[in-house]
Amino acid sequence: MNRLSPILISLACALLLGCEASPPMTQTQVDALEIREIEAPPDRAYAAASNALLDSGYQLHVSDADAGIITAERRVDPSVATNTAKLLITAILTRGMAAQDQPPDYFGVCVEILPRTASATAVRMQTYLNGRVEPADSPASQKTVQELWTLMQRQVLMKDLPVPAAAPAPTAK
Amino acid sequence: MSAARVMGALCFAIAVLLLPACESTPPLSPTQWNAIETRSVQAPRDEVLRAAAAVILDQGYYFTASDQGAGTMTAARVPLVYQDQYRRTGGMRSSAPVDTIAVWVSQISPAESSMRIQLRESGEHIASDERVSAFWNAVQRRLLAKSPPSDPPSRQEGV
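These protein sequence lines map, in sequence, to chains L and G. Numbers given in our numbering equal positions in the first sequence, counted from 1, plus 226. Numbers given in our numbering equal positions in the second sequence, counted from 1, plus 1.
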């Protein structure tokens, strides 16, 4: 028993160290994750961001082009199976007194357009889940930002394509 | 006079003396609110608005209204206790009690602006000099970070 105690204590210490929470990110680290630059003037970056959000199924709630601010939100309903399972489990656990369904999830995004030069713009995207900000280094946040970013760049590239020349009018014989 | 009557009179007198202590603090006047919530910033209005928008996002709020022309911005964040209500009543359009911040920036002179910061928690107007100062400090930090670096001293050639 005496030999086991130090081993158990050292194991407990090792596990406790594993529980250490990671330190909060500095504002510079958050900015590095949330802000990206795009080769387009601010008005085009703003239009591209609006289009990207609409393409991704977001509903725009706030849009102020002069301030370069957009707020958008997307509702995702739980599947019927999830809803039924939660209803059944809560009904059984509470003996039918407080059965609860699964509420929808709301994914929000705030976009800030920051003019840098005449042809370059910085874009900050911050994501929210059910009204609360998601950490910038969370995989869900990074995935959302990356998807929106790809769509935005596609929008800017699409507008860069040359307009096809009009076909020559048929000459009368 | 019986002892019970004396005791009764004494208790009544004590109760009357204690009642004024229960008086709530008088509501702040508009001038007092203005003094608590307004700060001066040494920067043009548009720069202060941009810095304030960045700080609003830094503090986890999302914008609920913005008017660059008027210099106002309103933002909200959902307290954890009201998250379920937020989800069940329509997200950003819901009536769930949220914490809000309203910022109004106006130009005083070409290089100076006035910024008013109004905080509400679950609808209740908050008089917090500390929190207003913390926001103001964060805005100033953002402004300093954005200000261009000063030109390096020109090298003297031919020396």
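The C-beta atom is built at its ideal place from N, Cα and C for all residues, glycine as well. None of the values given here were measured: they were computed from a predicted structure.
Can you confirm whether the segment 328-342 of chain L touches the segment 354-366 of chain L when touching is taken to mean that 3 or more C-beta pairs between the two stretches lie within less than 8 Å? yes
Report buried or exposed for L11(G), applying the criterion of at least 16 other Cβ atoms within 10 angstroms of its Cβ. Position 10 of the second sequence, counting from 1, holds the residue named residue 11(G). L11(G) is exposed by the Cβ-count criterion.
Counting contacts by CB-CB distance shorter than 8 Å, is L50(G) in contact with chain L? Taking the second sequence and counting its residues from 1, the one referred to as residue 50(G) is at position 49. Yes, L50(G) lies at the interface with chain L (some Cβ there is under 8 Å from its Cβ).
Unbroken alpha helix (DSSP H) runs of length 4 or more, entirely within the segment 32-107 of chain G: which are they? 46-59 and 84-89
Simplified DSSP state of E265(L), which is helix, strand or coil: Residue mapping note: residue 265(L) aligns to position 39 of the first sequence, counting from 1. Reduced to three states, the DSSP call for E265(L) is coil.
Taking 8 Å as the threshold (beta carbon to beta carbon), is A293(L) in contact with chain G? Counting from 1 along the first sequence, the entry for residue 293(L) is found at position 67. Output row for A293(L): interface = yes.
Apart from the five residues on each side of it in sequence, which residues of its chain come closer than 7 Å, Cβ to Cβ, to R143(G)? Counting from 1 along the second sequence, the entry for residue 143(G) is found at position 142. Result list for R143(G): A52, A55 and V56, in chain order.
In or out: S364(L) buried (at least 16 other Cβ within 10 Å) or exposed? Your numbering for residue 364(L) matches position 138 in the first sequence. Exposed: under 16 other Cβ atoms inside 10 Å.
Does any residue of chain L have a CB that is nearer than 8 Å to the CB of G70(G)? As a position in the second sequence, residue 70(G) is number 69, starting the count at 1. Taking Cβ atoms only, chain L reaches closer than 8 Å to G70(G), which makes this a yes.
Collapsed DSSP secondary structure at A324(L) in the structure displayed: Here residue 324(L) refers to the residue found at position 98 of the first sequence. In the structure shown, A324(L) sits in coil (DSSP, three-state: anything other than H, G, I, E or B).
Return yes when the Cβ of V302(L) is within less than 8 Å of the Cβ of P330(L), no when it is not. The residue given as residue 330(L) occupies position 104 in the first sequence. The residue given as residue 302(L) occupies position 76 in the first sequence. Cβ atoms of P330(L) and V302(L): closer than 8 Å.
Could you have a look at Y354(L) and say whether DSSP puts it in helix, strand or coil? Stepping through the first sequence from its first residue, residue 354(L) is reached at position 128. Strand.
Does any C-beta atom of chain G lie closer than 8 Å to the C-beta of D363(L)? Taking the first sequence and counting its residues from 1, the one referred to as residue 363(L) is at position 137. No, D363(L) does not count as interfacial toward chain G.
What's the gap between the Cα of K312(L) and the Cα of R78(G)? Along the first sequence, read from residue 1 onward, the residue named residue 312(L) stands at position 86. Along the second sequence, read from residue 1 onward, the residue named residue 78(G) stands at position 77. One C-alpha to the other measures close to 27 Å.
Within the continuous beta strand (DSSP E) that includes L120(G), where are the two ends? Position 119 of the second sequence holds residue 120(G). Looking at the DSSP string, the run of the beta strand (DSSP E) that includes L120(G) is E113 to E122.
Comparing the C-beta of R6(G) with each C-beta of chain L, is any distance below 8 Å? To locate residue 6(G), count along the second sequence from 1; it is residue 5. No, its Cβ sits nowhere closer than 8 Å to a Cβ of chain L.
Under the rule that 16 or more other beta-carbon atoms within 10 Å means buried, what is R6(G), buried or exposed? As a working note, residue 6(G) is residue 5 in the second sequence. By the neighbour-count rule (16 or more Cβ atoms within 10 Å), R6(G) is not buried but exposed.
Can V382(L) and A298(L) be called in contact, C-beta distance under 8 Å? Sequence index remark: in the first sequence, residue 382(L) carries index 156 (1-based). Sequence index remark: in the first sequence, residue 298(L) carries index 72 (1-based). No, the Cβ-Cβ distance between V382(L) and A298(L) is not below 8 Å.
Tell me whether L29(G) sits in a helix, a strand or coil according to DSSP, three-state version. Taking the first residue of the second sequence as position 1, residue 29(G) is located at position 28. L29(G) falls in the coil class under three-state DSSP.
What number of angstroms, rounded off, separates the C-alpha of A36(G) from the C-alpha of V133(G)? Translated into the one-based positions of the second sequence, residue 36(G) becomes position 35. Translated into the one-based positions of the second sequence, residue 133(G) becomes position 132. Approximately 11 Å between the Cα atoms of the pair.
For A344(L), name the three-state secondary structure that DSSP assigns. As a working note, residue 344(L) is residue 118 in the first sequence. Of the three classes helix, strand and coil, the one that applies to A344(L) here is coil, per DSSP.
Note down, in chain order, each residue of its chain lying with its Cβ closer than 7 Å to the Cβ of E38(G), except the 5 sequence neighbours on either side. As a first step, residue 38(G) must be located in the second sequence, where it is residue number 37. The answer, listed in chain order, is R117, I118, Q119 and V133.
Beta-bridge pairing of C336(L) - partner residues as DSSP gives them: For the purposes of this step, residue 336(L) is identified with residue 110 of the first sequence, where counting begins at 1. Looking at the DSSP assignment, C336(L) forms a beta bridge with T297(L) and Q352(L).
Counting only C-beta atoms, is F136(G) closer than 8 Å to chain L at any point? For the purposes of this step, residue 136(G) is taken as residue 135 along the second sequence, with counting starting at 1. No - not a single Cβ of chain L is within 8 Å of the one on F136(G).
Going by other Cβ atoms of all chains shown within 10 Å of its Cβ, with 16 needed for buried, is V101(G) buried or exposed? As a first step, residue 101(G) must be located in the second sequence, where it is residue number 100. Sequence inspection shows Thr at residue 101(G); the Val mentioned does not correspond to that position. T101(G) is buried by the Cβ-count criterion.
In whole angstroms, what separates the C-alpha of Q368(L) from that of Y272(L)? The sequence position of residue 368(L) within the first sequence is 142, counting from 1. The sequence position of residue 272(L) within the first sequence is 46, counting from 1. Rounded to the nearest angstrom, the two C-alpha atoms are 20 Å apart.
Would G61(G) pass as an interface residue toward chain L - the criterion being a Cβ-Cβ separation below 8 Å? The residue you call residue 61(G) lines up with position 60 of the second sequence. Chain L, which has a Cβ nearer than 8 Å to the Cβ of G61(G), makes this yes.
Under 8 Å, Cβ to Cβ, is there at least one residue of chain L near R89(G)? As a position in the second sequence, residue 89(G) is number 88, starting the count at 1. So, interface residue.
is_contact[G322(L), chain G] using C-beta, thresh 8 Å: The count along the first sequence starts at 1 and reaches residue 322(L) at position 96. Judged by the 8 Å Cβ criterion, G322(L) is not in contact with chain G.
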